[in-house]
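Residue numbers (the numbering used here), protein chains in the order written: chain L, 93 to 207; chain E, 6 to 122.
Working notes, beginning with the structure itself.
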Amino acid sequence: DGGITQSPKYLFRKEGQNVTLSCEQNLNHDAMYWYRQDPGQGLRLIYYSQIVNDFQKGDIAEGYSVSREKKESFPLTVTSAQKNPTAFYLCASSFPGLSTPDTQYFGPGTRLTVL
Amino acid sequence: AQKITQTQPGMFVQEKEAVTLDCTYDTSDQSYGLFWYKQPSSGEMIFLIYQGSYDEQNATEGRYSLNFQKARKSANLVISASQLGDSAMYFCAMRELFSGGYNKLIFGAGTRLAVHP
């Protein structure tokens, strides 16, 4: 079955540590995205990537970094520079095209808690 | 800037009844897309339905339909014959075109739907 996987499901981080969240997709989608969700709120875009080795900052990129070395993978690193990293992180992918709605499909999410 | 507004923080509906979740949007673009997603308590975002700005018919997907009123800039989700499993958060989102041809989604704050037996 095609889909998007995220790991781990739960992650605990001590202050000052960097942590990396994994996102893998086997949908053959070109575009991948990272969103952050805080309690009772909608999603906000952190980073996105349309092709391998290219990515762009979203609305709240400060304190985060990404890489896109393979089409299937788009890991997100939450650095110690991110002041309030406790949140739910969702990865998504889509197949952009002139005749497609470019629907984004989401993974199950990673819940990050800073201790 | 584009914006999505969901004015209902919470809604209640009796099982087997229909419910409408409101969504209004603001954009100056002529071409745009509107999406509805469901988020159960487990957290994953499940795509429900899509409406393109040039689509003349309202979108339907099973028990879900989108009441698209372009002049009013509204894209309300209608769930018919509610089921207990429909209890979840529902998010309305709009596709925004970035420079360079990239798309991103702008999300509303969501509506929590509770279906009562």
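Ideal Cβ placement from N, Cα and C applies to all residues, glycine included.
Please classify residue i: does DSSP put it in a helix, a strand, or coil?
i: L89 of chain E; result: helix
i: E116 of chain L; result: strand
i: D34 of chain E; result: coil
i: E66 of chain E; result: strand
i: Y107 of chain E; result: coil
i: V144 of chain L; result: coil
i: R77 of chain E; result: coil
i: F166 of chain L; result: coil
i: G57 of chain E; result: strand
i: K175 of chain L; result: coil
i: I84 of chain E; result: strand
Let me make sure I understand the geometry here. Which of the options has the alpha-carbon closest to that of residue i?
i: A86 of chain E; options: E:V24, E:L53 and E:G115; result: E:V24
i: K175 of chain L; options: L:T205, L:F166 and L:V144; result: L:T205
i: F147 of chain L; options: L:E154, L:G132, L:Q133 and L:M124; result: L:M124
i: T29 of chain E; options: E:R77, E:M94 and E:G90; result: E:R77
i: S172 of chain L; options: L:Q129, L:T112 and L:L137; result: L:T112
i: G94 of chain L; options: L:E161, L:S185 and L:P193; result: L:S185
i: A64 of chain E; options: E:S47, E:S46, E:F40 and E:E22; result: E:F40
i: G189 of chain L; options: L:G199, L:Q142 and L:K162; result: L:Q142
i: C183 of chain L; options: L:T192, L:E164 and L:P193; result: L:E164
i: F187 of chain L; options: L:T169, L:G108 and L:Q117; result: L:Q117
i: E22 of chain E; options: E:G38, E:Q62, E:R68 and E:D60; result: E:R68
Going by the CB atoms, is the gap between residue j and residue i shorter than 8 angstroms?
i: Y127 of chain L; j: L119 of chain L; result: no
i: Y181 of chain L; j: T202 of chain L; result: yes
i: S58 of chain E; j: S33 of chain E; result: no
i: Y140 of chain L; j: Y107 of chain E; result: yes
i: K101 of chain L; j: P200 of chain L; result: yes
i: A119 of chain E; j: S92 of chain E; result: yes
i: Y197 of chain L; j: F52 of chain E; result: yes
i: D151 of chain L; j: L137 of chain L; result: yes
i: L71 of chain E; j: L26 of chain E; result: no
Could you spell out the range, first to last residue, of the beta strand (DSSP E) harbouring residue i?
i: G38 of chain E; result: G38 to Q44
i: V158 of chain L; result: Y156 to V158
i: R203 of chain L; result: T202 to V206
i: T195 of chain L; result: Where T195 of chain L is concerned, there is no enclosing beta strand (DSSP E), given that its DSSP letter is neither H nor E.
i: H121 of chain E; result: T116 to H121
i: C28 of chain E; result: No beta strand (DSSP E) holds C28 of chain E; DSSP gives it neither H nor E.
i: S185 of chain L; result: A179 to S186
i: I96 of chain L; result: I96 to S99
i: Q109 of chain L; result: Taken as a continuous stretch (DSSP letters only), Q109 of chain L belongs to no beta strand (DSSP E), as it is neither H nor E.
Beta-carbon within less than 6 angstroms of residue i's beta-carbon, same chain only, minus the 5 sequence neighbours each way: which residues are those?
i: G15 of chain E; result: R117
i: I111 of chain E; result: Q7, I9, M99 and E101
i: Q19 of chain E; result: H121
Within its chain, find whatever has a CB closer than 8 angstroms to the CB of residue i; leave out the 5 residues flanking it on each side and keep chain order.
i: M50 of chain E; result: Y42, K43, Q44 and F96
i: G113 of chain E; result: I9, T10, Q11, C28, F96, C97 and A98
i: R160 of chain L; result: M124, S141, I143, V144, N145, D146, F147 and F166
i: G132 of chain L; result: none
i: E66 of chain E; result: L53 and I54
i: N110 of chain L; result: T169, V170, T171 and S172
i: L89 of chain E; result: E20, V120 and P122
Looking only at its chain, what residues have a beta carbon closer than 7 angstroms to the beta carbon of residue i, apart from the 5 residues adjacent to it on each side?
i: S114 of chain L; result: Q98, S99 and P167
i: T178 of chain L; result: L204, T205 and V206
i: K149 of chain L; result: Y139
i: D130 of chain L; result: A179
i: N115 of chain E; result: The question names Asn, but residue 115 of chain E is Gly in the sequence shown. The answer, listed in chain order, is Q11, M94, Y95 and F96.
Give me the chain C residues within the contact set of residue i, using Cβ-Cβ distance strictly less than 7 angstroms, ordered along the chain.
i: F198 of chain L; result: The chain labelled as chain C is not found among the protein chains of the depicted structure, namely L and E.
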